[in-house]
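Asks: The sequence shown begins at 61 in this note's numbering and counts up one residue at a time.
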Amino acid sequence: MANPIKKKGVNWGYLGSLTLSVFLALVVGGIIMAVAGHNPIQAYGELIKGATGCQDVGEFFTKLFTKRQFGNTLEYTMVLCLTGLACALGARVGIFNVGGEGQLYLGAIVSAYLGVLLAGVSPWVVIPVAALGAMAVGAFYAWIPGVLKVKLKVNEVITTIMMNSIAIYLCAYLSSGPWKTSEGNRVSGTETLSADFQFGKLIRGSSLTTAIFAAAVVAIAVWYVMSKTTTGYNMKMTGFNSRFAFFSGLKTDIIMIGSMCVSGAMCGLVGMFEVYGLKGSYQDGISNEFYFDGLLVAMIMRYKPAGIIAMSLLFAVLRVGASGMELNAGVPGELYRIIQSVIIFFMAAESGISAAVKARKARIKAQKDAAARLEGAVHG
């Protein structure tokens, strides 16, 4: 039987379209700033400074890894990368996991509660237990819509969106009720974790912690499995045509549900990283729609792991640098959302534009071939 999936190299056409989309988005942003009376060049310069903390090229090459702002950029890159890869895992097998936000919340509060329960125990025990607990609850919460999709054909987009709200409100109840802190200066949230349990800061004053090393291992592992292994190929075949994959001997139900569970586990792990890294406890609003930003990154890069890692850095620069642009150039920080939206708009139109261009080229070629045959017949 013929292989339905062809091995492809780098899609230079798509990369070119992406580069052009980013450039055009920056141009649109610049036009908006100019119309509002701001200097676009100065504003973008402040955006870069806000994301790196470097005032000139010399500092960029010598002091970049000591700057607080750059640490914040790397931390947000980590979050976008993991949530984007989590989305890609589901999409690879044909399931669109929109429930990552709820899975992240549950992972955060369960890991925080485990840290409170295990106070006084060695960090070498608590941190792995908290990570496993966060991954387990995230995986379970993703397993439910996965089973409903595979076994009962229930639309996973609807179920995961509804389950987001359930998870967030459940966490709000727990953090302001049974698991509420006794600290007098806080009205909700869990107890603050022991300092021994919290990830160490890599750059003073920044939100970057040693969790980024664990995140890097996870990201590389996901990239390797999806791109270089038989498992990744089976996932791709299942997403491409589940019936073909099933009659080829693959256990498509297990592959789809398993991928969904791993996706949820990764989201839960992100929640644990937030609690044991930046926050120190579970707090309401612990995620500022992190998963949905990661989902956008994954969609723009067509769920390609390597592309997700690269695009996560760009989006992190835009978001973190926006504060510097607002403070020093007077440009509202929300402009980065406009730039993101324009990139998404152009990339959404890319497939249609490419198809139209290819159709036009094919039509012109067919007309030329027909004219050449007609001329040959007349002269012959």
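Even for Gly, the Cβ is constructed at its ideal location relative to N, Cα and C.
Does the distance from the CB of Ile376 to the CB of Leu140 come in under 8 Å?
Replies: In the sequence shown, the residue the question calls residue 376 occupies position 316. In the sequence shown, the residue the question calls residue 140 occupies position 80. A quick correction: the sequence has Ala, not Ile, at residue 376. Yes, these two residues count as a Cβ contact at 8 Å.
Asks: What's the call for Arg379, buried or exposed, on a 16-neighbour Cβ count within 10 Å?
Replies: If you number the sequence shown from 1, residue 379 lands on position 319. Looking at its Cβ environment, which holds 16 or more other Cβ atoms inside 10 Å, Arg379 is buried.
Asks: Out of Lys428, Ile424 and Ala408, point me to the one whose CA is closest to Tyr74's CA.
Replies: Working through the sequence shown from its first residue, we reach residue 74 at position 14. Checking every option, the nearest Cα to that of Tyr74 belongs to Ala408.
Asks: Figure out for me which residue from Ala168, Ala358 and Ala279 has the closest Cα to the Cα of Trp239.
Replies: Position 179 of the sequence shown holds residue 239. Considering only alpha carbons, the answer is Ala168.
Asks: Nearest-angstrom Cα distance between Asn294 and Gly318?
Replies: Taking the first residue of the sequence shown as 1, we reach residue 294 at position 234. Taking the first residue of the sequence shown as 1, we reach residue 318 at position 258. Going by the C-alpha atoms only, they are around 12 Å apart.
Asks: What is the DSSP secondary structure of Lys261, reduced to helix, strand or coil?
Replies: By one-based count along the sequence shown, residue 261 stands at place 201. Lys261: strand per DSSP, three-state reduction.
Asks: Mind checking who Thr269 pairs with in its DSSP beta bridge?
Replies: Looking up residue 269 in the sequence shown gives position 209. Answer is Lys261.
Asks: Does the pairing of the segment 383-391 with the segment 96-116 give three or more beta-carbon distances under 8 Å?
Replies: Taking 8 Å as the limit for Cβ pairs, the verdict is that the segment 96-116 does touch the segment 383-391.
Asks: Are the C-beta of Asp116 and some C-beta of chain D separated by less than 8 Å?
Replies: No chain D appears in this structure, which consists of one protein chain only.
Asks: When the Cα atoms are used, what is the spatial distance from Lys339 to Ala227?
Replies: In the sequence shown, counting from the first residue as 1, residue 339 sits at position 279. In the sequence shown, counting from the first residue as 1, residue 227 sits at position 167. Looking at the two C-alpha atoms, the distance is approximately 19 Å.
Asks: So, Cys321 versus Gly193, is the Cβ gap smaller than 8 Å?
Replies: By one-based count along the sequence shown, residue 321 stands at place 261. By one-based count along the sequence shown, residue 193 stands at place 133. Cβ atoms of Cys321 and Gly193: not closer than 8 Å.
Asks: Residues in its own chain within less than 7 Å of Val153 by CB, not counting five upstream and five downstream?
Replies: Against the sequence shown, residue 153 aligns to sequence position 93. Counting only Cβ-Cβ distances below 7 Å, and skipping sequence neighbours, we find Met295, Thr298, Gly299, Ile315, Met316 and Ser319.
Asks: At the level of alpha carbons, what is the spacing between Tyr173 and Ile280?
Replies: Mapped onto the sequence shown, residue 173 falls at position 113. Mapped onto the sequence shown, residue 280 falls at position 220. If you take the alpha carbons of Tyr173 and Ile280, they lie about 29 Å apart.
Asks: Give the DSSP-derived three-state secondary structure of Gln115 in the structure shown.
Replies: As a working mapping, residue 115 is identified with position 55 in the sequence shown. DSSP places Gln115 in coil when its eight states are reduced to three.
Asks: Quick check: the Cα distance between Thr219 and Phe405, rounded to an integer number of angstroms?
Replies: Start at 1 with the first residue of the sequence shown, and residue 219 comes out as number 159. Start at 1 with the first residue of the sequence shown, and residue 405 comes out as number 345. Cα to Cα, the separation comes out at about 26 Å.
Asks: Can you tell me the Cα-Cα spacing of Ala62 and Lys364, whole angstroms?
Replies: For this step, residue 62 is matched to residue 2 along the sequence shown. For this step, residue 364 is matched to residue 304 along the sequence shown. Low per-residue confidence applies at Ala62: pLDDT is 48, beneath 50, and the placement is therefore not dependable enough to give any value.
Asks: Taking 8 Å as the limit between beta carbons, can you name the residues of its chain near Ser341, skipping five residues before and five after?
Replies: Within the sequence shown, the letter at position 281 stands for residue 341. If we look at Ser341 and ignore the five residues flanking it on each side, its Cβ neighbours are Ala172, Thr241, Gly249, Thr250, Glu251, Thr252, Leu253 and Val335.
Asks: Please determine, among Glu216, Met138 and Lys428, the residue with the shortest C-alpha to C-alpha distance to Val277.
Replies: In the sequence shown, the residue the question calls residue 277 occupies position 217. The shortest Cα separation from Val277 among Glu216, Met138 and Lys428 belongs to Met138.
Asks: Asn224: buried (16+ other C-beta within 10 angstroms of its C-beta) or exposed?
Replies: In the sequence shown, counting from the first residue as 1, residue 224 sits at position 164. With 16 or more other Cβ atoms within 10 Å, it is buried.
Asks: Could you check the C-alpha separation between Tyr233 and Met332 for me, to the nearest Å?
Replies: Reading the sequence shown from its first residue, position 173 is the one you call residue 233. Reading the sequence shown from its first residue, position 272 is the one you call residue 332. The alpha-carbon atoms of Tyr233 and Met332 are separated by roughly 19 Å.
Asks: In chain order, what residues of the same chain have a beta carbon less than 6 Å from the beta carbon of Phe350, not counting five sequence neighbours either side?
Replies: Residue numbering aside, residue 350 sits at position 290 when the sequence shown is read from its first letter. For Phe350, where only same-chain residues beyond five positions count, the Cβ hits under 6 Å are Val139 and Thr143.
Asks: Tell me the DSSP secondary structure of Phe344 in three-state form.
Replies: Numbered from its first residue, the sequence shown carries residue 344 at position 284. The question names Phe, yet the displayed sequence has Asp at residue 344. It is coil, neither helix nor strand.
Asks: Which residues in the same chain as Met361 place their Cβ atom closer than 6 Å to its Cβ, once the five residues preceding and following it in sequence are excluded?
Replies: The sequence position of residue 361 within the sequence shown is 301, counting from 1. Excluding residues within five positions, the ones whose Cβ falls inside 6 Å are Gly367, Ile368 and Met371.
Asks: Could you give the first and the last residue of the continuous alpha helix (DSSP H) run that contains Glu334?
Replies: Against the sequence shown, residue 334 aligns to sequence position 274. Here the alpha helix (DSSP H) through Glu334 covers Thr312 to Glu334.
Asks: Whose C-alpha, out of Gly97, Ala96, Ile92 and Thr133, is nearest the C-alpha of Cys114?
Replies: Numbered from its first residue, the sequence shown carries residue 114 at position 54. That would be Thr133, whose Cα lies nearest to the Cα of Cys114.
Asks: What's the C-alpha gap between Leu80 and Leu230?
Replies: For this step, residue 80 is matched to residue 20 along the sequence shown. For this step, residue 230 is matched to residue 170 along the sequence shown. Approximately 43 Å, taken between the alpha carbons.
Asks: If Ser302 and Ala202 are in contact, beta carbons under 8 Å, what's the gap, nearest whole angstrom?
Replies: Within the sequence shown, numbered from 1, the residue matching residue 302 stands at position 242. Within the sequence shown, numbered from 1, the residue matching residue 202 stands at position 142. 18 Å between Cβ atoms; not a contact.
Asks: Where do the ends of the alpha helix (DSSP H) carrying Leu372 lie?
Replies: Counting from 1 along the sequence shown, the entry for residue 372 is found at position 312. Note on identity: in this sequence residue 372 is Ser, with Leu being the wrong assignment. Pro365 to Ala389 is the extent of the alpha helix (DSSP H) around Ser372.
Asks: Which residues bound the alpha helix (DSSP H) around Asn132?
Replies: Taking the sequence shown and counting its residues from 1, the one referred to as residue 132 is at position 72. Per DSSP, Asn132 belongs to the alpha helix (DSSP H) from Arg128 to Arg152.
Asks: My output table needs one value for Pro183: the three-state DSSP class, helix, strand or coil.
Replies: Numbered from its first residue, the sequence shown carries residue 183 at position 123. DSSP places Pro183 in helix when its eight states are reduced to three.
Asks: Use the C-beta contact count for Ile424: other C-beta atoms within 10 angstroms, 16 or more gives buried, fewer gives exposed.
Replies: Mapped onto the sequence shown, residue 424 falls at position 364. When all chains shown are included, Ile424 counts as exposed.
Asks: Are the Cβ atoms of Leu86 and Ile399 separated by less than 8 Å?
Replies: The residue given as residue 86 occupies position 26 in the sequence shown. The residue given as residue 399 occupies position 339 in the sequence shown. Going by C-beta atoms, Leu86 is nearer than 8 Å to Ile399.
Asks: Hey, out of Ser308, Phe125, Leu329 and Ala419, whose CA is closest to Ala275's CA?
Replies: Counting from one through the sequence shown, the residue named residue 275 turns up at place 215. Nearest option by C-alpha distance: Leu329.
Asks: How close, in whole Å, do the beta carbons of Leu145 and Met359 come, if the pair is a contact with beta carbons under 8 Å?
Replies: Locating residue 145 in the sequence shown gives position 85, counting from the first residue. Locating residue 359 in the sequence shown gives position 299, counting from the first residue. Going by Cβ atoms, the distance from Leu145 to Met359 rounds to 13 Å, so no, they are not a contact pair.
Asks: Quick check on Leu253: does DSSP put it in helix, strand or coil?
Replies: Position 193 of the sequence shown, counted from the first residue, corresponds to residue 253. If DSSP states are grouped into helix, strand and coil, Leu253 belongs with coil.
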